[in-house]
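A.B. asks:
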Amino acid sequence: MAEATAPKPSSSVKLVLLGEAAVGKSSLVLRFVNNDFQENKEPTIGAAFLTQKCNLPTRTIKFEIWDTAGQERFASLAPMYYRNAQSALVVYDLTKPTSLIKAKHWVAELQRQASPGIVIALVGNKLDLTNETSSSNSLSEDGDEEVAEGDDTDGDARKVSTAEAKSYAIEEGLLFFETSAKNGTNVTEVFTAIANAIPETSLKGARGPGAAQTASRSEDQSRVNLTGPRDNVSKEGCAC
Amino acid sequence: MFNLSSLVQKAQSFIDPTQALNISASDRNPAKSTLFRHQFRLPDSQTPLQEITAELTISPPVAYSPNATQGEKDKDRDRGYHYAGKLHLSESYLCFSTQPTSFLQTASTSTSSGFTGQTHGAGPGGNGFTLPLCAIRRVERLHSQSYQFALAITTWNGLSNNAASETSKTPVLVQKITIQLAGTRPACERFCDGLKKGLKSGVGEVAKLKRVVSECYSEYLLQGDGRKEATPPDAGLGMIFRYPGDAKKLRDRSKMRLWGEYLRDYGRNITLIRQPTYHKLIRVGLPNRLRGEIWEQTSGSLFLRLENPLQYADTLQKFEGRDSLAIDEIEKDLNRSLPEYPGFQSEEGIGRLRRVLTAYSWTNEEVGYCQAMNIVVAALLIYMSESQAFFLLSTLCDRLLPGYYSTTMYGTLLDQRVFESLVEKTMPILWDHLVKADVQLSVVSLPWFLSLYINSMPLVFAFRVLDVFFLEGPKVLFQVGLAILRINGEDLLDASDDGAFISVLKSYFSKLDESAHPKSENSKLRAVTRFQELMVVAFKEFSGITQSTISEQRMKHKDSVLNSIENFAKRTSIRNLGPESKRLGVEDLGALYDRFFGVLYERQMRSQMILEETERRSKASRSRAAEVVHGLPENQVIEKGRVGLGPSPTLMDYDGFREFLSGMARWAISDSPSPSEKDSVSVTPKHSYFGNSLRRREASLSPWSEGNPEPADHEFMQRLFRRWDVDCNSSLTLQNVVTGLAQIKGKGDIMGSITYFFELYDDDGDGKVNREGILRISEALLFLSRRGLEGSLTPSSSMVGLSEYEAGNGAQVDMIQGNTNERFLSSVSAFIRRCFEYADPDHPTNQEEKSASEEKEKEVDNNAFDIGEDSDEEEDLLDLGPDAPPKSPKHRKKSTGLGGPPSPQKATRPGGRSVSIAQAEAANAALDPSKPLHITLPTFRMVVLADELLEQFFESSFPTSFRISDKMPTPGASGTSSLTTFSNLGFGRASTAPPNGIAVGGSTAGVVPPSKGLRGVLDNIVTDGMRVAAEVRRRMDEAQKEMEKNAVHRPDEDEEEEEVVIGPRDPERKSVRSEDRDLLEGADAEVMSIRGSEDIAKEKNESLSLTAGSNAGRLRRGSAASSKVVEFER
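In order, the protein sequences belong to chains W and L.
Following UniProt numbering, the numbering of the first sequence begins with 1 at its first residue and continues without gaps.
Following UniProt numbering, the numbering of the second sequence begins with 1 at its first residue and continues without gaps.
#1: Just checking, does the stretch 330-347 of chain L make contact with the stretch 413-423 of chain L on the three C-beta pairs under 8 Å criterion?
#2: Compare the C-alpha of A69 (chain W) against each of W:S76, W:T44, W:N84 and name the closest.
#3: Is it the case that the Cβ atoms of S301 (chain L) and L263 (chain L) are separated by a distance below 7 Å?
#4: Does S520 (chain L) come out as helix, strand or coil in the three-state DSSP assignment?
#5: Starting from T51 (chain W), find everything on chain C with Cβ-Cβ shorter than 7 Å and list it in chain order.
#6: Between which two residues does the alpha helix (DSSP H) harbouring K475 (chain L) extend?
#7: Considering only their Cβ atoms, is the gap separating Q479 (chain L) from F542 (chain L) smaller than 7 Å?
#8: Could you pull the start and end residues of the alpha helix (DSSP H) that S545 (chain L) belongs to?
#9: Throw me the rounded Cβ distance for the S92 (chain L) and Q46 (chain L) pair, which I believe falls under 8 Å.
#10: Between the stretch 556-573 of chain L and chain W, which residues of the former have CB atoms less than 9 Å from a CB of the latter, in chain order?
#11: What three-state label does DSSP hand Q71 (chain W) in the structure shown?
#12: Tell me which same chain residues have a C-beta within less than 7 Å of the C-beta of V444 (chain L), skipping the five on either side of it?
#13: Whether or not the stretch 48-59 of chain W and the stretch 349-357 of chain L are in contact is what I'm after, with contact meaning three or more pairs of Cβ atoms, one per stretch, closer than 8 Å; do they touch?
#14: Which of helix, strand or coil does DSSP assign to H143 (chain L)?
#15: Could you tell me whether any Cβ in chain W is nearer than 7 Å to the Cβ of T733 (chain L)?
#16: Taking 8 Å as the limit between beta carbons, can you name the residues of its chain near G285 (chain L), skipping five residues before and five after?
#17: List the residues of chain L that L127 (chain W) touches, going by C-beta distances under 7 Å, in chain order.
#18: Interface residues of chain W around R575 (chain L) at Cβ under 9 Å?
#19: Just the Cα atoms here: how many angstroms apart are Y593 (chain L) and V107 (chain W)?
#20: Whole angstroms are fine: how far does the CA of F597 (chain L) sit from the CA of S573 (chain L)?
#21: Beta carbon of A378 (chain L), beta carbon of E580 (chain L): below 7 Å?
#22: Applying the criterion that 16 or more other CB atoms from any shown protein chain within 10 Å of the CB defines a buried residue, is K14 (chain W) buried or exposed?
#23: With C-beta atoms as the reference, is C835 (chain L) less than 7 Å away from I750 (chain L)?
#24: Closest to A157 (chain W) by C-alpha separation, out of W:L127, W:Y168, W:A181, would be which residue?
#25: Below 7 Å on C-beta distance, what does R336 (chain L) contact in chain W?
#26: Below 8 Å on C-beta distance, what does T408 (chain L) contact in chain W?
#27: Quick check: the Cα distance between M384 (chain L) and L221 (chain L), rounded to an integer number of angstroms?
#28: Measuring only the C-alpha atoms, how far is N308 (chain L) from L209 (chain L)?
#29: Please list the terminal residues of the continuous alpha helix (DSSP H) segment that includes D93 (chain W).
#30: Thinking C-beta only, is A103 (chain W) closer than 7 Å to Y92 (chain W)?
#31: Would a C-beta distance cut-off of 7 Å place E194 (chain L) and L49 (chain L) closer than the cut-off?
#32: Should K768 (chain L) be labelled buried (16 or more other beta-carbon atoms within 10 Å of its own) or exposed?
#33: Measuring only from the beta carbon, is H714 (chain L) closer than 6 Å to any heavy atom that is part of the ligand FAD?
#34: For chain L, is any of its Cβ atoms less than 7 Å away from the one on G46 (chain W)?
#35: For L310 (chain L), does the count of other Cβ atoms within 10 angstroms reach 16, so buried, or fall short, so exposed?
#36: Which residues in chain W have a C-beta closer than 8 Å to the C-beta of H329 (chain L)? List them in chain order.
Listed below in structure tokens is the structure:
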């Protein structure tokens, strides 16, 4: 293997991001890949491709991330990108109820059209716009309804309750997270959870030439804006 | 299945019947006017009027002095450049090109499309000019001996500084060109006459011209050095925020000097003359400040601006403060368009971007805003003013990148397919590798095309590509793309997955400014940058990729791309239909979708045809030509409404709804069009819209003449429409239609149907239907049944003896059919009678007065019945629709006698309704309109259930009459699961095989009432004699098989296989069968199969004898049982 630090088996996983425009798909990827955040990201045209590794105790997963354009009319291009994807991140904006509807459409599309056994994670992004202090508790069921209804609470822009999205996710058998790409909450957790959920059998081994290029590639592919302020929130999770 | 593409063909044949006769010829017969417009990049308003072979002489500009002698002028003419070519005249342009091309209507196709230049008709190739007539100041006819006919044209070149020059008395450079016309004297005279006319009408445009020209940087550039105005015209954000790239490295100054010279000598902006140097200067890259203007000039957006200089400002003003979805989308992206360029970190730049994108989204609401437009417009704004960028964006979306930014992005997808096929053709090894490594090329190349390389290459290089692109057209994008792959071919062959592939290209783009041959000994070769190499490869190696190559490929792939988009759209929208839709099966939803959009599409096509017609004479077959140039219909004229092409109508109005219903339900078909309508249907289609194109009557442009039936119009349909139109906006969405149908077909229980029907007539929702409503209900029942009933209608109990008798005798189907319908009439009359019998009076006194007023009511009743009725309805009832066999009066009499209570003196009157009226009158006296009364739902239910025919109507024929998926009834629709009567009693399971078509699937598809299939088959046999033999044989086989199956207690497999073979007309049957099989495997299947075998045996016999009354016995039992249960429940 090319990486000295990883004697563990390594395999690559194709992951596709879907969701309404401006829900923060690219930002989630940017956070995951570069631990960075940009307020004004160029809209994705067609799709962007990035890679990032995720170290699990027993193996290393290399995510090949396809970040797709969110505008409605780009939807017909999506099949091109989710083709052969082993996992998908369906993102909605938890301050925008319509984006959850769109996300449900995507889930349905994936369940019918994508490769069988695809691991889907439903992700409500922009948690930073809600006034919940602790993200780790945000999944608790009680009190969520109040939060959802109490829109007029100061600074709380949440419009989609955790309970609502979560019950949907459970019903459909999806992984579910609420994240903030801006401050990094739960971002790596999502990817780690996906990596863990990918069945061992569906992993292909690292490809020879592909793996060799990985190291050099991840640098130019990451679309980093190094001038942007580096976020200080340090993330552990999987050693990405 | 409904096939959109066949519709397209049909529609095209409508538009031009002559073309339909010879489609292949017309495909290759592009309209000259379209080619002409594309060649000279003229606005759509222009058509070629005159053309003549000519020689152009461009004299070096002379300092104009009023005293110049004629001799001096002649001398000038002999100097300078000479070009032989063709001179063209349109409404307001004079164009010259050295490319030997004719656009006259009389010219052959090969001459008009035989381009030799680099652009092949898609841009101003060759040398020459495109001169607005208003830019011509003076035309002199020269009398010289060597030429028959020569014109000296003086232009308004440098017009804007004329005023200044007069005061300063310095000589002004005057652009003067000489054209010798080569033709017969009359031809030349004719041309000159045309020119004269054009010049006259062009005079008024000079003010516009001045305004347009004043925004051109060249005017400022060419002003005398000493008199430069303080403020140059806006040449983009670059003037404020610097232009991208290092001006020195780009040799901007020397480029500017060269262009300055060229423009001074050969005309600026609107009066520019293309000479070889012009093309060369563009290839080496435009200087920053002139870039916007030259883009405008080469793309032709300048002429668009000339046509309507204030459009941009006007649009902004008109829509100021208004909101739209596009604006929301634009706002999201404003901060993320070329964010690295300082201009777009400022309010100034973002404001401009916002205004241009918004203005365009208003002028082309179909496109609105598409991501990537923000990037393209941002790039344009660096070099041009807002107004210039606005028009260039229009040109991009309408002409250069057709369909790229549409809501389905079909243009983008199509060009990706084209690009892939070109790669396959030109680089087969690389292509094989891509296929093997499963790398999807379009994943990489799509952004190249969609954002014109702007976010793929460093900006300076992307702009160089744009320079050529605007001059030579879309093929440049392909050439550059191919060259990129060719140059990186070896590295790409090593790349084994998408990631590696992308990474190779990314690193290539980042090194475009480096030397292409860094290790070369030759210093000259070393100096060649990768970008230069790219340009050379693109335009030399791939010079074979021309506009016609692209067009050809687009034509070839268009259908498959549109189909896949449409499939995607269909899949998506069906999936998003919501929970109600689950009551209908997937196949049904698909069929509904096709029907719904098929109707909308056809209707759109028809209204489009009217519009087309108005333009038709002057601009014959213009849209076809666009296909040759673009490979796509121009402005989507031809296929407007096609889902794949972008925004298509999604709302159905009432007329569309009628048409929609008539495609599904027999009763929704009009019976006999009135004579005038008949006229327009059968005679006018070829003529009415030729001669009288403004005529908007539907009949004159309906597809009904193509065999589609004309829809009926009945109050019931209006009620249905209103019921389905839950948003109350007088139009239905697919969602409305699906929900509506799901309520009728999906419920599958008789109570549901009855309630639904009742609610249709309960106008104020108070649970009561008044007298008027009762009458209307009965009218609707007659309306719905006038073509015979579908599904399982068995004779009423009084008829049993007869029907069995008939069955035994093998009496004709006709008679049975007739009898059933007549019995239904009497059922309806009984219905009215009972309704009034059991109606609740609004005032208690009514009941007492009821009998007293009997006599009086007879007359009144007749009047009441006439309300809302039209006369041909009565006739319908007489012949029971065209399909039903003509009946003798004797029959009717007989059935009347057998049906309701006898009322002999009235029964002889023609018309079923009269019969009903009579009976109603005879039996019931509660018809006095002065005594309001009403029935409630329980009453209605009771009355319906009191009559077996009505009961069966609500139970099966009404829901069944909506045939979603195919032409035959779908008997599975009315499962009685909620009542469980049949299943409890052991009916129903036996005849699980629907006679044909698709069960309505879903949860209710299960319990199929017995024998309705056969009845349905027979009904259809009546309507379609051609299929009689096949159907009967099939039924026999089925029955046979079921018998065998039941004998071995194994209900399914082999039988299903056989089914598929036997019923090849209906590929979807299989799924139905499997659903049925599930049911068969249910707990009580065995009991039922035993039970059913008797019925089947019977059925078999009966179908052999071809009688409709065959299943009477079986169903009778079923319905009797069910009514018992119902009454009990009530």
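We treat Cβ as the ideally placed atom computed from N, Cα and C, and that holds for glycine.
C.D. replies: Concretely, from the data shown:
#1: no
#2: W:T44
#3: no
#4: coil
#5: As a matter of chain content, chain C is missing from the structure shown, whose protein chains are W and L.
#6: 475-487
#7: yes
#8: Reading off the sequence shown, one finds Ile at residue 545 (chain L), where the question assumed Ser. From DSSP, I545 (chain L) is part of no alpha helix (DSSP H); its letter is neither H nor E.
#9: 7 Å
#10: S564, I565, F568, A569, R571, T572
#11: coil
#12: F501, I502, L505
#13: no
#14: coil
#15: no
#16: L250, K255, F463, R464, D467
#17: Those do not exist, as L127 (chain W) stays about 20 Å from chain L at its closest Cβ, beyond 7 Å.
#18: H105, A108, E109, R112
#19: 22 Å
#20: 12 Å
#21: no
#22: buried
#23: no
#24: W:L127
#25: N40, K41, E42, P43
#26: R73, S76
#27: 15 Å
#28: 10 Å
#29: First-last for D93 (chain W): 87-93, but that is the beta strand (DSSP E), not the alpha helix (DSSP H).
#30: yes
#31: Checking the sequence, you will find Gly at residue 194 (chain L) rather than Glu. Result yes, Cβ atoms of G194 (chain L) and L49 (chain L) sit closer than 7 Å.
#32: buried
#33: The ligand FAD is not among the ligands present in this structure, which contains no ligands whatsoever.
#34: yes
#35: exposed
#36: Looking at the sequence itself, residue 329 (chain L) is Glu, so the reference to His does not match. Residues of chain W passing the Cβ test: A21, Q71.
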